[in-house]
Structure formats: C-alpha cells, structure tokens
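*Asks:* Got a structure here, written out as structure tokens. Questions coming.
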Amino acid sequence: MLITIVVPVFNEQDSLQELAHRIESVCQESNYEHEIIFVDDGSRDDSWKHIAQLASQRPGIQGLRLRRNFGKAAALAAGFDAAGTRRCDEQVIITMDADLQDDPAEIPKLVSKLNEGFDVVTGWKQVRHDPWHKVLPSRIFNWLISWLTGVRLHDHNCGLKAYRRDVIREIQLYGEMHRFVPVLAAARGFRVSEMIVQHHPRMHGVSKYGLERFVKGFLDLLTVKFLTGFGNRPQHLLGTIGLSSFLLGSAGLCSLTMLWVVSRLTDMPDIHLHSRAVFYYCILAILLGVQLISIGFIAELITAQNRPTQSPYSLAEDTHSQGTGRQSLDHGS
572 MLITIVVPVF NEQDSLQELA HRIESVCQES NYEHEIIFVD DGSRDDSWKH
622 IAQLASQRPG IQGLRLRRNF GKAAALAAGF DAAGTRRCDE QVIITMDADL
672 QDDPAEIPKL VSKLNEGFDV VTGWKQVRHD PWHKVLPSRI FNWLISWLTG
722 VRLHDHNCGL KAYRRDVIRE IQLYGEMHRF VPVLAAARGF RVSEMIVQHH
772 PRMHGVSKYG LERFVKGFLD LLTVKFLTGF GNRPQHLLGT IGLSSFLLGS
822 AGLCSLTMLW VVSRLTDMPD IHLHSRAVFY YCILAILLGV QLISIGFIAE
872 LITAQNRPTQ SPYSLAEDTH SQGTGRQSLD HGS
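Residue numbers for the sequence shown follow the working numbering, so the first one is 572 and each next one is one higher.
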C-alpha cells in the first residue's frame, strides 16, 4: 500500500519543516511506503522556498507551485492529479492542512478505519481550538449539510481526510467543492465514515477563512444538492416546481372564472376580477410555471448535448478483473 499525503499550502512557511518531519516519522514508525505532495497555492511568503528545499533533500517529497492563489479545491485537485500518476496495487490519499492543527499521528488510525471497509474517512474535530465565532457558524453549517444531503457527519470541513484512490478518480473538484467531497462520494455510492481526531491550536500564521466563506459555502451547498440529486435530470426538479405552480394558478383562475359567471347569471353582486389581487397572483403562477418547465426542457437539451465526462454509475467490482488483481474499476474519466 502506498500512502500519499496531499498538503495544500498558503502562506505557511513556518510550519512546513516540522510538518514534513512529523509525517515522515509517523509513516516510518508504521512502516508505510509513503510520499508527501506539498501544493503551494500562490503563497506570498517563502513557503515555496521551503517546499523546494524539502523536495531537494528528501526523495519522498514532491512540490507543486500554482501560478496564483486558485483556492483550496484547486490545490487539492492538483495534488490528486499528481498522486494519480503513481503505479501501485493499492493507494490511500490523505489530505491535511499545513498549519499543524491537524495531527499526522492520526494517519495510522485513518488507514485502519479505511480497512474496515470504507472508501472515505473524514476527521471529526470534537474538541476544537478555534475562536467561538469560527466554531459556532461551522457547527451550524455542518448540521445544515447533514440535514440537506443526508450524509450525517459532524465535521464536513475537516481538512484531515483519507480516500481510496478510486474516490479521487471519480470526484471532480472545482470552486469551493473540497468541503463537500464526502457528500459527492456518497452520491456515487462510496462508503463514508468519520472518526474523532485531535485538533491543535494554531502555532504559526493566521487563519485563511473569514465570514465570507459561509456565504460561499451555503451557495455551494445548494449547487451540490442540485448536482447530486438532479444533475442528470434537471427537469425533475424544475418541471415539478413549474408544473405545481402552473396547476395552482390554473385552478385559482378557473375558480375565479366560475365565480364571475355565477355572478352574471344570478343576483349576486358583480365580481370584478381586475380588482382582486388573487387574480394577478394566479396569472403570475401560470407564467412562472410555464417558464420553469421551459427552462427545464432547455436544461435537459444542454445535458443531452453535453454529457459530462463522469459516468452515470460507479462500478465497485468486475469478475473479469479478478485474475489481474484489479477489482475496483475507474469509470470516472
């Protein structure tokens, strides 16, 4: 088994030497064949100099430098692409942050948890050493993700995670989707679990996250919910809402029309539809329904004409590959 540790780096020059030493010590004690991939995500300090020095001194360390700050998801994607070039019978990819708050001593525990039959194991920072104004919104956001997606985890955004190689081959990262990898993996049928991990106070540098990440995170959550639930069938969502709106508006308009006819044929006071607000609401509901159904058809046409590279299924085993030693096949690329 090859253990590949992917570490995205952004202005963490003071922690890189110690982090590399801790990771190597843990892997050597556990007798793991391992490699470390540091991805410099456009750091403005001397992080790249430290990474280049480490890579020149230690053959098990590789450094990647992005031209500018593309974000954590892009840095992880670059590290995953580099890890995916390795030829080995079995590979586990572990991600962790570079600020020394994630403990490399958890690596053997993550690998052991994977060996229980899981494909993704995410850390749960049960005791966090962060300020309350960062912890409280994070817990609310984690609850919201679990409730909306059905993937019940306590800490979706923990940087310390472990994956089997097949997972990263089928998951496409972009934007800020790195925090939703367990959700995306579960949608593909992979088995996801979590375990309690240690969390240490930040020793160097400053936090890279502010309040704006929660706004972006909520919008990304809506995107993930749509992609995992209706990515290949957008009309099922848009058409359902549109048809409901159209039928509701039509029913209301028919009822008003019947009242108007009855008022004309009987001694009831005349009903002036243009003076009733519900009349305009019914028309608005009908127009909205027609628009949503039309948008759903357009989305279906776009989906049909531009099929994604990701397969609509995820294959776990193939009996024809048993003889060659490959039981898990990649159909994601």
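C-beta atoms are modelled at their ideal positions from N, C-alpha and C, and glycine is treated no differently.
1) When you compare only the Cα positions, how much space is there between TYR852 and HIS845?
2) Going residue by residue through the stretch 670 to 735, where are the continuous beta strand (DSSP E) segments of at least 3 residues, counting only ones entirely within it?
3) Should HIS771 be labelled buried (16 or more other beta-carbon atoms within 10 Å of its own) or exposed?
4) Any idea what DSSP makes of ARG593, helix, strand or coil?
5) From SER683 to ARG736, what distance separates their C-alpha atoms?
6) Start and end of the beta strand (DSSP E) containing GLN633?
7) Between which two residues does the alpha helix (DSSP H) holding LEU858 run?
8) Using a threshold of 9 Å, state whether the C-beta atoms of GLN662 and ILE607 are closer than that.
9) Got a sec, what are the start and stop residues for the alpha helix (DSSP H) SER614 sits in?
10) Measure the Cβ-Cβ separation of ASN640 and ASP617 and say whether it is below 9 Å.
11) Let's test the definition: count the other Cβ atoms within 10 Å of the Cβ of TRP714 and tell me whether it reaches 16, buried, or not, exposed.
12) DSSP on PRO805, reduced to helix/strand/coil?
13) Where SER816 and TRP831 are concerned, what is the direct C-alpha to C-alpha distance, given to the nearest angstrom?
14) Which residue from GLY688, ARG750, ALA822 puts its Cα closest to that of PHE789?
15) Taking the alpha-carbon of ARG723 as reference, which of ARG710, ALA733, TYR734, GLY730 has the nearest alpha-carbon?
16) Could you tell me the boundaries of the beta strand (DSSP E) in which VAL663 lies?
17) Under the three-state reduction of DSSP, which class applies to GLU583: helix, strand or coil?
18) What separation, rounded to the nearest whole angstrom, lies between the Cα atoms of GLY634 and ALA591?
19) Quick one: give me the first and last residue of the beta strand (DSSP E) that VAL763 is part of.
20) With distances taken between CB atoms, is the gap from ASP701 to GLU583 smaller than 9 Å?
21) Starting from GLY642, trace the alpha helix (DSSP H) in both directions and tell me its first and last residue.
*Replies:* The relevant details are as follows:
1) Position 281 of the sequence shown holds residue 852. Position 274 of the sequence shown holds residue 845. Near 11 Å, if we compare the C-alpha coordinates of HIS845 and TYR852.
2) The beta strand (DSSP E) runs of length 3 or more contained entirely in the stretch 670 to 735 are, from start to end of the chain, 691 to 695, 732 to 735.
3) Sequence index remark: in the sequence shown, residue 771 carries index 200 (1-based). Taking all protein chains shown into account, HIS771 has fewer than 16 neighbouring C-beta atoms within 10 Å of its C-beta and is therefore exposed.
4) Locating residue 593 in the sequence shown gives position 22, where the first residue counts as 1. It is helical.
5) For this step, residue 683 is matched to residue 112 along the sequence shown. For this step, residue 736 is matched to residue 165 along the sequence shown. So the alpha carbons of these two residues sit roughly 16 Å apart.
6) Sequence index remark: in the sequence shown, residue 633 carries index 62 (1-based). Residues 632 to 636.
7) Locating residue 858 in the sequence shown gives position 287, counting from the first residue. 848 to 876 is the span of the alpha helix (DSSP H), which, as asked, contains LEU858.
8) Reading the sequence shown from its first residue, position 91 is the one you call residue 662. Reading the sequence shown from its first residue, position 36 is the one you call residue 607. For the 9 Å CB-CB criterion, GLN662 and ILE607 do not form a contact.
9) Here residue 614 corresponds to residue number 43 of the sequence shown, with the count starting at 1. Element bounds for SER614: n/a, residue is neither H nor E.
10) Numbered from 1 along the sequence shown, position 69 holds the residue referred to as residue 640. Numbered from 1 along the sequence shown, position 46 holds the residue referred to as residue 617. No, these two residues do not count as a Cβ contact at 9 Å.
11) For this step, residue 714 is matched to residue 143 along the sequence shown. So TRP714 ends up on the exposed side.
12) One-based indexing of the sequence shown puts residue 805 at position 234. Helix, per DSSP.
13) The residue given as residue 816 occupies position 245 in the sequence shown. The residue given as residue 831 occupies position 260 in the sequence shown. The straight-line gap from Cα to Cα measures roughly 23 Å.
14) Residue mapping note: residue 789 aligns to position 218 of the sequence shown, counting from 1. Checked all of GLY688, ARG750, ALA822; the closest Cα to PHE789 is ARG750.
15) As a first step, residue 723 must be located in the sequence shown, where it is residue number 152. ARG723 has its Cα closest to that of ARG710, out of ARG710, ALA733, TYR734, GLY730.
16) Position 92 of the sequence shown, counting from 1, holds the residue named residue 663. VAL663 -> beta strand (DSSP E) spans 662 to 666.
17) As a position in the sequence shown, residue 583 is number 12, starting the count at 1. Of the three classes helix, strand and coil, the one that applies to GLU583 here is coil, per DSSP.
18) If you number the sequence shown from 1, residue 634 lands on position 63. If you number the sequence shown from 1, residue 591 lands on position 20. For GLY634 and ALA591, the distance between alpha carbons rounds to 12 Å.
19) Residue mapping note: residue 763 aligns to position 192 of the sequence shown, counting from 1. Per DSSP, VAL763 belongs to the beta strand (DSSP E) from 763 to 767.
20) Locating residue 701 in the sequence shown gives position 130, counting from the first residue. Locating residue 583 in the sequence shown gives position 12, counting from the first residue. No, they are not a contact pair.
21) Taking the first residue of the sequence shown as position 1, residue 642 is located at position 71. Taken as a continuous stretch (DSSP letters only), GLY642 belongs to no alpha helix (DSSP H), as it is neither H nor E.
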